[in-house]
Amino acid sequence: MKIGILGTGHIGKTLVMRLSAAGHEVKVANSRGPETIEPELLSTGARAVTTEEALTGVEAVILSIPLNRIRGIAPLVARLPAETVVIDTSNYYPLRDDKIEAIEAGQVESLWVAEQLGRPIAKAWNAIGSASLARKDKPAGAPDRIAIPVAADREHDRQVAMALVNDTGLDAFDAGSLADSWRQQPGAPVYCTDLTYGEIRAALDAAERDRLPKRRDLGVAVMQERLGDGTTNPDEDWGVRLVRAINM
Ligand SMILES: NC(=O)c1ccc[n+]([C@@H]2O[C@H](COP(=O)([O-])OP(=O)(O)OC[C@H]3O[C@@H](n4cnc5c(N)ncnc54)[C@H](OP(=O)(O)O)[C@@H]3O)[C@@H](O)[C@H]2O)c1
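This is how it looks when you write it as structure tokens:
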């Protein structure tokens with residue numbers, strides 16, 4: 421597929437390398453311009469471009485930018501044809517994103533994103549930590565392959581997002597509609613706990629909506645105490661142990 425990716429951070433950089441290695445034609449942009457993109461990201465065939473170019477002539481777009489930057493790219497996204505699949509990886513962290521009143525009041529994060537963009541989206545890769553995404557990929561059929569939930573309202577969006585998730589070394593689990601995707605938000609049992617396909621349904625069903633924000637913030641507090649700077653991500657072992665202890 422022809423894919424445009426916005427974001428070359430913890431999550432975006434792995435998506436760029438995996439999807440281009442899987443044979444997709446990937447264009448990638450960050451906010452600072454193509455010349456600032458590390459050559460390593462392009463080593464499997466992706467091309468560094470401007471944000472405008474990344475969203476031109478592609479069949480799928482992956483947004484892997486902080487939630488509070490979504491509004492800023494809405495005018496660019498609005499130019500996409502209706503059938504383009506837009507997949508968003510974002511999560512709401514009030515400490516990073518500042519308070520977003522609608523989400524604080526209970527709006528599902530993916531519905532807030534879809535509303536800002538004025539179009540349907542799929543939600544994927546939000547529920548895996550960056551270290552697990554980078555280091556725990558497995559070939560299809562491996563019994564301990566990590567699975568992640570994918571939510572969407574349009575069938576084509578769902579199918580494309582699930583196929584691309586599989587291409588990044590993970591099993592895709594159909595988690596239903598965007599309205600139900602609060603079950604995969606930070607603080608939920610399925611969030612960054614590295615479950616297998618057979619474990620995901622029960623974890624989604626076990627989510628308790630009112631407890632998610634508190635559990636999310638407990639995780640952030642512990643990570644800040646241990647990692648300090650607010651930008652370092654936990655490694656794939658300690659991070660998963662921590663989140664399992666809080667969220668499950
Ligand atoms: N870190 C995780 O473990 C994790 C796990 C799952 C989901 N997520 C979610 O995925 C999203 C990305 O997370 P991350 O940790 O990868 O973030 P990150 O490391 O902070 O990287 C953010 C990236 O977004 C780019 N960006 C910001 N505004 C942009 C714009 N207007 N146009 C193009 N690129 C733009 C930044 O480019 P510049 O550097 O040039 O500004 C940077 O490359 C977040 O919503 C996060 O909640 C993160």
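Residue numbers (this note's numbering): 421 to 668.
Beta carbons: idealized from backbone N, C-alpha and C, even for Gly.
Best match in the options for proximity to residue i [C-alpha to C-alpha]
i	options	result
Arg636	Arg664, Thr470, Glu445	Arg664
Pro486	Ile520, Arg499, Leu461	Ile520
Arg565	Asp591, Lys543, Leu584	Asp591
Val446	Ala562, Glu455, Gly432, Gly453	Gly432
Ile490	Pro501, Ala622, Pro459, Asp517	Asp517
Glu575	Gly648, Asp594, Ala567, Ala627	Asp594
Ala466	Thr434, Pro514, Lys556, Ile620	Thr434
Ile620	Asp657, Asp573, Ala567, Asp649	Ala567
Pro459	Ala468, Asp657, Arg452	Ala468
Ala522	Asn488, Ile493, Glu503, Leu500	Asn488
Ile493	Gly650, Glu524, Leu461, Asn450	Asn450
Asp573	Lys634, Leu531, Gln605	Leu531
Asp461	Thr476, Ile425, Asp557	Just to set this straight, residue 461 is Leu in the shown sequence, not Asp. Of the candidates Thr476, Ile425, Asp557, the one whose C-alpha sits nearest the C-alpha of Leu461 is Ile425.
His430	Pro569, Thr651, Thr616	Thr651
DSSP state of residue i mapped onto helix, strand, coil
i	result
Val660	helix
Asp630	helix
Gly424	strand
Ile493	helix
Thr434	helix
Asp577	helix
Pro394	No statement about residue 394 is possible, as the shown extent of the chain runs from 421 to 668 and does not include it.
Ile507	strand
Asp594	strand
Ala522	helix
Ala542	strand
Beta-carbon gap between residue i and residue j smaller than 8 Å
i	j	result
Asn546	Thr509	yes
Pro654	Ala554	no
His444	Ile457	no
Ala612	Val660	According to the sequence as given, residue 612 is Cys; it is not Ala. Yes, Cβ-Cβ distance for Cys612 and Val660 is below 8 Å.
Gly607	Ala571	no
Leu624	Val640	no
Leu638	Ile666	yes
Met437	Thr464	yes
Thr428	Pro454	no
Asp614	Lys558	no
Leu475	Leu439	no
Glu688	Gly549	The structure shown does not extend to residue 688, since the chain spans only 421 to 668, so no value can be given for it.
Residues of its chain near residue i, where Cβ-Cβ distance is below 6 Å and the 5 sequence neighbours each way are ignored
i	result
Ala442	Asp587
Val497	Leu537
Val505	Ala480, Asp577, Val580
Tyr512	Leu487, Ile523, Glu529
Glu503	none
Ala562	none
Beta-carbon proximity list for residue i, same chain, < 7 Å, skipping 5 on both sides
i	result
Ala534	Pro540, Ile541, Leu598
Leu515	Val640
Glu472	Leu496
Ala560	Asn586
Gly618	none
Beta-carbon contacts of residue i that lie in its chain and below 8 Å, excluding the five residues immediately before and after
i	result
Ile507	Ala480, Val481, Ile482, Leu483, Ile541, Ala542, Lys543, Ala544, Trp545, Asp577, Val580, Ala581, Leu584
Trp602	Val528, Glu529, Ala608, Ala627, Arg629, Leu632
Leu662	Gly639, Val642, Met643, Pro654
Ala525	none
(Q) Threshold first: 4 residues or longer. Then list the alpha helix (DSSP H) segments lying entirely within the region 445–483, N to C. (A) 471–474
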